[in-house]
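2 protein chains.
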Amino acid sequence: MEISQEMIAIGQKAKDAARRLAFTGTETKNKALAAMAEALLQNQAHILSANAKDVEAAEKKGLRKSLVNRLQLTEKKIMEMSEAIQDVIALPDPVGAGEFWTRPNGLRIHKTRVPLGVVAMIYEARPNVTVDAAALCLKSGNACVLRGGSEAIESNKVLAQIIAEAAENNGCPAGSIQLVAKTDRQYAVQLMKMNKYIDVIIPRGGTGLIQSVIENSTVPVIETGTGVCHALVDKDADLEKAVNIVFNSKTQKPEVCNALETLLVHEDVAESYLPLIGQKFKDYGVEIRGCEKVQSILPYAQPAQDEDWSAEYLDLIISVKVVRDLDEALDHIYQYSTKHSETIITENYSTAQRFINEIDAAAVYTNVSTRFTDGGRFGFGAEIGISTQKLHARGPMALPELTTFKFMVYGDGQIV
Amino acid sequence: MEISQEMIAIGQKAKDAARRLAFTGTETKNKALAAMAEALLQNQAHILSANAKDVEAAEKKGLRKSLVNRLQLTEKKIMEMSEAIQDVIALPDPVGAGEFWTRPNGLRIHKTRVPLGVVAMIYEARPNVTVDAAALCLKSGNACVLRGGSEAIESNKVLAQIIAEAAENNGCPAGSIQLVAKTDRQYAVQLMKMNKYIDVIIPRGGTGLIQSVIENSTVPVIETGTGVCHALVDKDADLEKAVNIVFNSKTQKPEVCNALETLLVHEDVAESYLPLIGQKFKDYGVEIRGCEKVQSILPYAQPAQDEDWSAEYLDLIISVKVVRDLDEALDHIYQYSTKHSETIITENYSTAQRFINEIDAAAVYTNVSTRFTDGGRFGFGAEIGISTQKLHARGPMALPELTTFKFMVYGDGQIV
């Protein structure tokens with residue numbers, strides 16, 4: 034497809050900025066970040082008035098209330114965005130670290146962390162992603178090209194302008210932070226073909242958005258997102274732990290990718306466990322879609338259809354199945370897992386070890402809520418997304434995942 | 034596009050094999066590799082007779098002599114393939130290593146190396162890649178799906194059958210090593226769309242093959258290959274080193290991606306250096322395509338056209354340009370480099386440091402031949418390709434690059 038002149042201009046500017054950002058020191062980057070954090074607070078009124086336009090348009094279009102809430106900014110939310118930048122300042126700069134070794138011929142090879150270059154983000158109507166992504170990219174020495182959802186365009190234009198100016202006025206090259214201000218879908222598709230300018234695309238949002246990027250992009254993509262997460266309550270589970278963990282995994286924030294979608298229960302504890310968790314779900318308004326065995330134990334369970342086993346509800350719905358043994362559970366997860374987060378609740382050592390070893394997923398838990406799959410909760414101090422692919426990064430991605438490395442080789446005339 | 038039943042069968046079989054291979058121990062994998070190495074020697078006559086069919090067909094089709102040579106197997110080449118497997122046995126298994134930390138809430142998080150899963154290789158008419166790739170994938174716990182060039186189909190069918198049987202008869206799951214025996218291009222394209230079964234595709238071959246994979250694949254790709262490599266002879270170069278390094282980089286094996294394609298010479302040493310290297314190139318039959326300044330110094334140089342600066346000749350041809358200073362050289366490399374391997378020849382400390390820091394490439398050298406960019410020469414003991422992208426792996430890829438990791442998290446009832 035043809036790339037428009039304006040997109041090439043954005044790409045070239047980003048590439049040129051990345052070239053200089055790659056060896057811009059931590060002190061300069063932190064100074065720019067501090068200025069960005071400050072500029073958000075200084076321009077609060079300006080941001081809120083742009084955001085009000087987005088909110089008004091969204092309401093006119095009849096956007097769902099939960100989406101409007103995500104779109105809407107407040108003084109408090111702007112403060113939180115500013116604080117999130119402060120948190121990034123406190124994180125160690127991943128650039129410049131590495132290891133080296135010496136070859137028998139005297140070559141010294143340094144494997145050194147360097148920025149990826151130009152990172153493109155394609156995301157939905159969450160203005161805070163504009164700020165978060167820009168801050169994480171800048172700290173890791175990457176230029177970024179941001180493409181947010183059309184519903185947030187007025188907010189994003191103002192936010193991007195404020196932080197880009199603050200960065201440029203404090204030692205970062207022009208073009209370090211750029212927004213694609215056109216909302217037409219074709220500009221996003223052009224971005225996906227700009228291999229000459231863009232080193233990686235990270236999509237953040239729903240399954241439709243992510244699949245579209247995977248299918249259309251020739252630029253390398255880090256797939257994020259879809260989580261059909263399972264919990265297995267084993268026959269040797271501590272049932273109280275099992276109630277707490279399963280309830281927390283499902284209900285604490287059902288709309289996110291690390292929330293639980295399918296509960297598997299060993300048949301030996303089905304009759305004792307299911308009424309406990311079932312009642313809690315019922316009281317909380319969680320719809321249960323169960324296999325026949327589940328329906329026979331919980332009269333209020335709906336029948337599960339085939340498609341329920343691969344559904345990512347992101348809502349107060351859960352599919353529940355009784356399994357004969359660990360092997361049936363492993364087979365079920367193997368078949369339906371999106372390899373995001375899986376947990377077992379058991380006090381049996383060998384069962385736990387088999388589950389942890391044999392399940393293929395970004396995060397595999399024993400006696401822990403699936404909701405822990407998160408950069409902050411893992412101790413990374415930040416998160417730019419959760420990778421569900423295996424290349425480059427897996428699970429929560431933070432600053433080191435926004436870098437690559439190069440081999441710096443020092444010699445004295447060596448030839449082959 | 035529609036995936037044919039036979040390709041789905043291959044994909045499913047590979048996925049099932051990968052599931053078991055992921056926790057097959059090093060001892061079993063090494064035993065299987067030893068059996069593969071032995072089976073090649075035992076079946077020498079069978080391999081040679083299949084290969085003879087390929088060679089005959091290639092000669093009939095009028096394939097270039099150098100390509101026929103690459104295709105043709107001999108007892109010695111089979112011995113070398115067998116020895117290459119023995120080398121892989123000696124390498125440490127990357128699977129199962131990692132690091133762990135404990136969170137304030139008591140969670141213990143283990144970041145553990147695991148295989149990628151199913152690796153697809155798409156390559157040209159080099160039968161040895163069939164064996165090399167299978168051995169490296171198996172050692173790193175990956176199932177592989179191999180798709181070699183049509184010219185080598187008879188050789189590949191026999192080689193794949195021999196090593197797959199040897200692996201299966203020695204503890205590895207059926208489907209660990211599979212060949213796509215259909216040579217029609219559409220089967221390669223199907224492979225590129227099999228995201229459900231394939232975790233990564235690694236293309237190995239010419240620019241056309243690699244570009245086709247990048248454009249068509251929805252499966253994550255590791256781009257390998259194209260190297261428009263530069264050498265800069267600085268004003269402070271030791272001219273004798275500069276002659277040796279540049280001559281070696283260009284002529285030692287001109288057909289490979291880490292061979293030199295463009296020589297940049299600082300104007301202060303152009304008149305002293307160019308006649309030295311020019312004469313050596315002339316005597317060796319290297320065609321020189323120079324800028325005007327080069328032509329004025331070397332009467333036998335051809336004029337360079339614009340397209341010469343981005344040409345990957347892979348032949349005894351070199352483009353040569355005189356530059357005003359380091360900045361002009363850095364700008365030239367920034368514009369034309371494929372980010373593979375770049376070298377500077379200088380005795381000046383600060384110049385060397387600027388070059389090493391500011392050039393963005395997989396390998397950046399000071400006073401070293403570009404031909405060193407190689408898994409073996411870097412000390413990795415093997416190589417499955419040289420990545421020219423920045424995601425996941427950069428430069429020579431060996432066993433660790435055929436792995437990803439998963440987070441194994443041990444808890445005691447933690448909830449969010």
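Those protein sequence lines, which keep their order, are chains A and B. Everything in the first sequence is counted per our numbering, starting at 34 for the first residue and increasing by one. Everything in the second sequence is counted per our numbering, starting at 34 for the first residue and increasing by one. Glycine included, each C-beta is placed from N, C-alpha and C at the ideal position.
CB contact check: residue i to chain A, cutoff 9 Å
i: N281(B); result: yes
i: P253(B); result: yes
i: S245(B); result: no
i: Y398(B); result: yes
i: I278(B); result: yes
i: T107(B); result: no
i: R237(B); result: no
i: Y230(B); result: no
i: G412(B); result: yes
i: E288(B); result: no
i: A415(B); result: no
i: D393(B); result: yes
Residue of the options minimising C-alpha distance to residue i
i: V178(A); options: N202(A), W134(A), D217(A), M225(A); result: M225(A)
i: E340(A); options: M40(A), G323(A), A334(A); result: G323(A)
i: A415(A); options: V266(A), K98(A), I118(A), A51(A); result: I118(A)
i: L104(A); options: E434(A), A85(A), T371(A); result: A85(A)
i: G412(B); options: G446(A), N138(A), M430(A); result: N138(A)
i: T437(A); options: A431(B), P429(B), T59(B), H425(B); result: H425(B)
i: Q77(A); options: N102(A), E294(A), K109(A), N291(A); result: K109(A)
i: I36(B); options: I366(B), I231(B), E273(B), G150(B); result: I231(B)
i: N10(A); options: Q386(A), E201(A), K286(A); result: Outside the modelled stretch of chain A, which goes from 34 to 449, sits residue 10(A), for which no answer is possible.
i: Q447(A); options: E434(B), G446(B), R410(B); result: R410(B)
i: E380(A); options: K274(A), A50(A), K229(A), K315(A); result: K274(A)
i: R53(A); options: K286(A), V147(A), Q335(A); result: V147(A)
i: A211(B); options: I111(B), V442(B), A396(B), A42(B); result: Residue 211(B) is actually Gln in this sequence, not Ala. When each option's Cα is compared against that of Q211(B), the closest is A42(B).
DSSP beta-bridge partners of residue i
i: V88(A); result: BP columns for V88(A) are empty, so no partner.
i: G131(A); result: T145(A)
i: K326(B); result: DSSP output for K326(B) lists no bridge partner at all.
i: S420(B); result: T257(B), G428(B)
i: A153(B); result: V178(B), I234(B)
i: P336(B); result: G323(B)
i: Y443(B); result: T399(A), R141(B)
Heavy atom of the ligand ZN within 8 Å of residue i beta-carbon
i: G428(A); result: Looking for the ligand ZN in the displayed structure turns up nothing, as the structure carries no ligands at all.
Any chain B beta carbon closer than 9 Å to residue i
i: L424(A); result: yes
i: T406(A); result: yes
i: S402(A); result: yes
i: K313(A); result: no
i: A337(A); result: no
i: E35(A); result: no
i: I389(A); result: yes
i: A303(A); result: no
i: D348(A); result: no
i: G418(A); result: no
i: V449(A); result: yes
i: K274(A); result: yes
i: V178(A); result: no
i: E294(A); result: no
Inset, instruction - Check whether the stretch 179-195 of chain A touches the stretch 158-169 of chain A, counting contact only when three or more Cβ pairs, one atom from each stretch, lie closer than 8 Å. - result: Three or more pairs of CB atoms, one per stretch, sit closer than 8 Å, so the stretch 179-195 of chain A contacts the stretch 158-169 of chain A.
Next on the checklist: For the structure I just gave you, are there three or more beta carbon pairs, one from the stretch 241-256 of chain B and one from the stretch 243-257 of chain A, closer than 8 Å?
Outcome noted: The stretch 241-256 of chain B, when compared against the stretch 243-257 of chain A, does touch it at the 8 Å Cβ threshold.
Practice item. Could you please tell me which residues of the stretch 127-153 of chain B, in chain order, have their CB closer than 7 Å to any CB of chain A? Key: Within the stretch 127-153 of chain B, W134, R136, L140, I142, L149, G150 place their CB atoms closer than 7 Å to a CB of chain A, listed in sequence order.
Could you name the residues of the stretch 190-215 of chain B whose beta carbon sits closer than 9 Å to any beta carbon of chain A, in the order they occur along the chain?
Within the stretch 190-215 of chain B, no residue has a Cβ that lies closer than 9 Å to any Cβ of chain A.
With three or more beta-carbon pairs closer than 8 Å as the criterion, would you say the stretch 373-386 of chain A touches the stretch 402-412 of chain A? The stretch 373-386 of chain A makes contact with the stretch 402-412 of chain A: 3 or more CB pairs, one atom from each, lie closer than 8 Å.
| Would you say the stretch 297-310 of chain A touches the stretch 417-424 of chain A, given that touching needs at least three Cβ pairs under 8 Å? | No contact exists between the stretch 297-310 of chain A and the stretch 417-424 of chain A.
The stretch 239-247 of chain B in contact with the stretch 268-284 of chain B per 3-pair CB rule at 8 Å = Put simply, the stretch 239-247 of chain B does not touch the stretch 268-284 of chain B. Fewer than three CB pairs are less than 8 Å apart.
Report task. With 7 Å as the C-beta to C-beta threshold (strictly closer), list the residues of the stretch 423-444 of chain B near chain A in chain order. Result -> Listed by position, the residues of the stretch 423-444 of chain B near chain A (Cβ gap below 7 Å) are K423, L424, H425, R427, G428, T437, F438, K439, F440, M441, V442, Y443, G444.
For the structure I just gave you, are there three or more beta carbon pairs, one from the stretch 274-282 of chain B and one from the stretch 394-404 of chain B, closer than 8 Å? Yes, the stretch 274-282 of chain B touches the stretch 394-404 of chain B.
Query raised in the report: Using Cβ-Cβ distances below 8 Å, what residues of the stretch 38-53 of chain B are close to chain A?
Result: Cβ proximity to chain A below 8 Å picks out R52 from the stretch 38-53 of chain B.
Chain A contacts from the stretch 64-96 of chain B (Cβ-Cβ distance under 7 Å): Taking 7 Å as the Cβ-Cβ cut-off, the stretch 64-96 of chain B has no residue approaching chain A.
At least 3 beta-carbon pairs within less than 8 Å: the stretch 384-403 of chain B vs the stretch 123-134 of chain A: Too few Cβ pairs lie closer than 8 Å, so no.
Listed in chain order, which residues of the stretch 348-367 of chain A have Cβ atoms closer than 8 Å to some Cβ of chain B?
Hits within the stretch, in order: Y367.
(message) Any C-beta of chain B within less than 8 Å: which residues of the stretch 101-125 of chain A qualify?
(response) Listed in sequence order: no entries.
Quiz prompt | Residues in the stretch 161-174 of chain A having any Cβ partner in chain B nearer than 9 Å | solution = Residues of the stretch 161-174 of chain A with a Cβ closer than 9 Å to any Cβ of chain B: none.
- Item | Three or more C-beta pairs below 8 Å linking the stretch 358-367 of chain B and the stretch 320-338 of chain B | Contact fails: fewer than three Cβ-Cβ distances are below 8 Å.
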